[in-house]
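Enquirer: Counted the way numbering that gives the first Met the number 0 counts, the sequence shown spans residues 0 to 247. Built from N, CA and C at the ideal position, the CB exists for glycine as well. Please read these numbers as outputs of a predicted model, since none were measured by experiment. Got a structure here, written out as structure tokens. Questions coming.
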Amino acid sequence: MGSNDIGDWYRGIPQMTKYWFTGSVIVPLAAKIGIVSGMSLILIFEKVVYSFQIWRPITSVLFFPLSGPGGFHYLMNLYFLYSYSTRLETGIFDGKPAEMAFLLIFNWLCLVIIGFALLMDPMVLSVLYVWCQLNKDMVVSFWFGTQFKAMYLPWVLLAFNMIIGQGGVMELVGIIVGHLYFFLMFKYPQDFGGARLLSVPNILYKYFPNRRGGVSGFGVPPSSRRAAPNDNGDNQRHNWGRGFNLGD
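Given below as structure tokens:
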């Protein structure tokens with residue numbers, strides 16, 4: 000891939016995904032080459048409150064230690080971050096950067112409250128979970144040719160990390176946070192007819208106004224259970240076609 004191809008690819012990354020992806024590359028590399036100390040980037044509430052190191056909640060979601068076996072895990076995080084954040088931003092949030100920003104901010108705030116020192120793993124899983132719920136019947140392919148519906152992907156990743164000895168706690172927390180957003184934003188108001196419990200603050204629309212003329216991609220809100228039944232008694236299903244490969 001030439002320099003022009005890389006530049007074109009980078010310019011084509013959607014706005015919010017680009018901010019997140021860029022920070023997730025720059026911050027770990029800065030720690031790796033010694034520009035900053037990794038210990039100054041992780042979330043330690045005492046340092047935030049008493050030493051006014053207010054950058055830590057932000058850097059803790061961007062930083063990942065690259066030493067030892069963490070390098071491969073970091074690259075996998077970057078892949079899932081880029082892939083599924085892009086698909087959300089070019090799908091259900093196409094032309095709606097404020098709504099995409101709100102998803103990222105809400106999930107990030109939940110994770111900061113939980114208080115892990117490193118937040119990249121659960122943050123990536125929380126966004127991936129939302130995409131998988133919005134595309135739950137799409138068939139995805141995992142390693143070794145295994146195929147399953149997208150709704151199972153977060154749990155497959157959780158099991159995979161438990162098997163290889165990563166624990167899986169971070170992934171489980173990411174799933175919980177992603178489900179909290181999905182339930183409050185989509186499932187409760189649309190599936191159960193409840194009041195909308197989450198709304199995008201107007202200040203986000205001020206800085207990231209909606210754009211017209213976008214092209215819709217994958218991802219639809221859940222259909223309401225309160226809708227009238229089909230006259231023919233047929234179940235309403237989406238035809239997702241051939242399925243979707245994780246590496247595409």
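How big is the Cα-Cα spacing for Phe105 and Ala158?
Expert: Using only the alpha carbons, I get a separation of about 26 angstroms.
Enquirer: Roughly how many angstroms lie between the CA atoms of Gly173 and Tyr180, to the nearest whole one?
Expert: Straight-line Cα distance between these residues: approximately 11 angstroms.
Enquirer: Short of 8 angstroms in beta carbon distance, which residues of its chain neighbour Arg211, apart from the five on each side in sequence? Order them along the chain.
Expert: Taken in chain order, the residues that qualify are Gly94.
Enquirer: Using the Cα positions of Asn209 and Arg10, report the straight-line distance between them to the nearest angstrom.
Expert: Their backbone Cα atoms lie some 19 angstroms apart in a straight line.
Enquirer: Please state whether the Cβ-Cβ distance between Phe141 and Leu124 is less than 9 angstroms.
Expert: Against a cut-off of 9 angstroms, the Cβ pair of Leu124 and Phe141 comes out as no contact.
Enquirer: Give me the residue from Leu203, Phe79, Pro96 and Thr89 with the minimum Cα distance to Gly122.
Expert: It is worth fixing the name first, because residue 122 is Met in this sequence and not Gly. The option with the nearest alpha carbon to Met122 is Phe79.
Enquirer: How far does the alpha helix (DSSP H) with Val35 in it reach, from first residue to last?
Expert: Where Val35 is concerned, there is no enclosing alpha helix (DSSP H), given that its DSSP letter is neither H nor E.
Enquirer: Does the segment 35-43 come into contact with the segment 7-22, if we say contact requires no fewer than three beta-carbon pairs (one atom in each stretch) closer than 8 angstroms?
Expert: Judged by Cβ distances under 8 angstroms, the segment 35-43 makes no contact with the segment 7-22, as fewer than three pairs qualify.
Enquirer: So, with DSSP's three-state summary, where would you put Gln189?
Expert: Three-state result, Gln189: helix.
Enquirer: Which residues in the same chain as Val35 place their Cβ atom closer than 7 angstroms to its Cβ, once the five residues preceding and following it in sequence are excluded?
Expert: Cβ within range, chain order: Ala29.
Enquirer: Please report the residue range of the alpha helix (DSSP H) in which Tyr204 lies.
Expert: Counting along the chain, the alpha helix (DSSP H) containing Tyr204 begins and ends at Asn201 to Tyr206.
Enquirer: Buried or exposed, going by whether 16 or more other CB atoms sit within 10 Å of the CB of Trp254?
Expert: The chain is shown from 0 up to 247; residue 254 falls before or after that span and cannot be answered.
Enquirer: Rounded to whole angstroms, what's the CA-CA distance from Glu88 to Gly33? Just pull it up for me.
Expert: Near 33 angstroms, if we compare the C-alpha coordinates of Gly33 and Glu88.
Enquirer: Which term fits Val176, buried or exposed, when burial requires 16 or more other beta carbons within 10 angstroms of its beta carbon?
Expert: The residue is buried, with at least 16 neighbouring Cβ atoms inside 10 Å.
Enquirer: On the three-state DSSP scale, how would you describe Pro96?
Expert: The answer is helix: DSSP assigns Pro96 an H, G or I state.
Enquirer: Please report how far the alpha carbon of Gln146 lies from the alpha carbon of Met137, in whole angstroms.
Expert: The alpha-carbon atoms of Gln146 and Met137 are separated by roughly 10 angstroms.
Enquirer: With a CB to CB cut of under 7 angstroms and the five nearest residues on each side skipped, what residues in its chain are close to Gly144?
Expert: If we look at Gly144 and ignore the five residues flanking it on each side, it has no Cβ neighbours.
Enquirer: Look up Ser198 in the DSSP assignment and say whether it is helix, strand or coil.
Expert: DSSP places Ser198 in coil when its eight states are reduced to three.
Enquirer: Does Lys17 come out as helix, strand or coil in the three-state DSSP assignment?
Expert: It is helical.
Enquirer: How long is the line joining the alpha carbons of Arg195 and Leu133, rounded to whole angstroms?
Expert: Roughly 17 angstroms separates the two Cα atoms.
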